[in-house]
Structure formats: C-alpha cells, structure tokens
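Engineer:
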Amino acid sequence: MMAQPLTATSTPLVQPASAIDALPPEALAEVAAYFQMLAEPTRLHILSLLRQGECNVGDLALRSGHSVANVSRHLSLMSKQGVVAREGRGTSVYYRIADDMIFSLCDLVCGNIARHLERSASRRSVFTGGASSERP
Numbered sequence: 006m007m008a009q010p011l012t013a014t015s016t017p018l019v020q021p022a023s024a025i026d027a028l029p030p031e032a033l034a035e036v037a038a039y040f041q042m043l044a045e046p047t048r049l050h051i052l053s054l055l056r057q058g059e060c061n062v063g064d065l066a067l068r069s070g071h072s073v074a075n076v077s078r079h080l081s082l083m084s085k086q087g088v089v090a091r092e093g094r095g096t097s098v099y100y101r102i103a104d105d106m107i108f109s110l111c112d113l114v115c116g117n118i119a120r121h122l123e124r125s126a127s128r129r130s131v132f133t134g135g136a137s138s139e140r141p
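Mind the numbering: the sequence shown is residues 6 to 141 in my numbering, read in order.
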C-alpha cells in the first residue's frame, strides 16, 4: 500500500510533541534568551519582590540589598524580554510584572527543583542510615 501525499487539508503523519517542536530556529533563539534572562539569582529575587506589587528602583534596591545601578541594569534586561513593564511617575519609574505567566513558569521550575532536592536527600539518608550530619 502506497502512502498518500499530504495536502493542505490532510493531517500530518507526525504531530509536534510540544510547542517547542513547532518553533523555527529563530524563535528558539528567543526562547533561549528568555531563559538566559531568568538564569540569574538577582533577577529571580527581583521577580519575587515584584510579585508582592509594583516598586520603584530605589525600593527594589533597598529590599534586595543590591545597588540602584545593579537593580536598574537587571530591570532593563527584564523589560527588554517583556517580563516587567515600567511606568514613569514624576521623577520615579515604577516596575511591575508585565505577564503573570512568569510566576507559573517560576513555580513550575522551583517545584521541580524542590522535588529533586527532596529525592536527593532521601537517597542520601539511605546511605547514612537516616542519621543527621550534625553531631551532638
């Protein structure tokens, strides 16, 4: 039996397994840049602070323990990636999360890391007999 050619109305024989499978290389580069933006602890801390509500750079710097210049640099990159939005008010610029889906992504990854750490701790306890690493 011969395979029939695909037409515009026929269903492809192989469906993409996920959204990433359907992306062209240029889009994959954008995805990688987005994940690179998230691959920095200071930016993750800033996201956590902004989850509580909008803030200006000075407040974020104070709350994060980083300099205003450092926080501003991180916010600029986050803004370019569309994660945060900025709004000028008088002499201050306030930042807020532009898309709450970032928290779904972070919660998914953080939950996965927590489960991984729990499994690792459980495996280690098997070898140590459940004993704590602290000594009395």
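Even for Gly, the Cβ is constructed at its ideal location relative to N, Cα and C. Note that the structure is a prediction, hence the values are computed from the model and not measured.
Between which two residues does the beta strand (DSSP E) carrying Gly93 extend?
Structural biologist: As a first step, residue 93 is located in the sequence shown; it is residue number 88 there, counting from the start. Unbroken beta strand (DSSP E) run through Gly93: Val89 to Arg94.
Engineer: Have a look at the DSSP bridge pairing and note the partners of Ile61.
Structural biologist: Here residue 61 refers to the residue found at position 56 of the sequence shown. In the sequence under discussion, the amino acid at residue 61 is Asn, which differs from the Ile named in the question. Answer is Tyr99.
Engineer: Have a look at Ala22 and Ser72 and give me their C-alpha separation to the nearest angstrom.
Structural biologist: On the sequence shown, position 17 is the one that residue 22 refers to. On the sequence shown, position 67 is the one that residue 72 refers to. If I take the Cα positions, the gap works out to 44 Å.
Engineer: Beta-carbon separation of Leu52 and Cys111 under 8 Å?
Structural biologist: Position 47 of the sequence shown, counting from 1, holds the residue named residue 52. Position 106 of the sequence shown, counting from 1, holds the residue named residue 111. Yes, the Cβ-Cβ distance between Leu52 and Cys111 is below 8 Å.
Engineer: Whole-angstrom Cβ separation of Arg101 and Leu55, contact assumed at under 8 Å?
Structural biologist: In the sequence shown, counting from the first residue as 1, residue 101 sits at position 96. In the sequence shown, counting from the first residue as 1, residue 55 sits at position 50. Correct: roughly 6 Å between the Cβ atoms.
Engineer: Taking the alpha-carbon of Ile107 as reference, which of Gln86, Ser97 and Ser81 has the nearest alpha-carbon?
Structural biologist: Indexing the sequence shown from 1 puts residue 107 at position 102. Closest by alpha carbon: Gln86.
Engineer: How big is the Cα-Cα spacing for Glu123 and Gly95?
Structural biologist: Position 118 of the sequence shown holds residue 123. Position 90 of the sequence shown holds residue 95. Going by the C-alpha atoms only, they are around 48 Å apart.
Engineer: Do you know how far the Cα of Ala37 is from the Cα of Pro30?
Structural biologist: Taking the first residue of the sequence shown as 1, we reach residue 30 at position 25. Taking the first residue of the sequence shown as 1, we reach residue 37 at position 32. Spanning the alpha carbons of Pro30 and Ala37 requires a straight line of approximately 10 Å.
Engineer: Looking only at C-alpha atoms, which of Thr133, Val131 and Gln41 sits nearest to His79?
Structural biologist: The count along the sequence shown starts at 1 and reaches residue 79 at position 74. Nearest option by C-alpha distance: Gln41.
Engineer: How many whole angstroms separate the CB atoms of Ala103 and Val88, which I take to be in contact at a CB cut-off of 8 Å?
Structural biologist: Looking up residue 103 in the sequence shown gives position 98. Looking up residue 88 in the sequence shown gives position 83. Yes, they are in contact, since the Cβ atoms of Ala103 and Val88 sit about 6 Å apart, within 8 Å.
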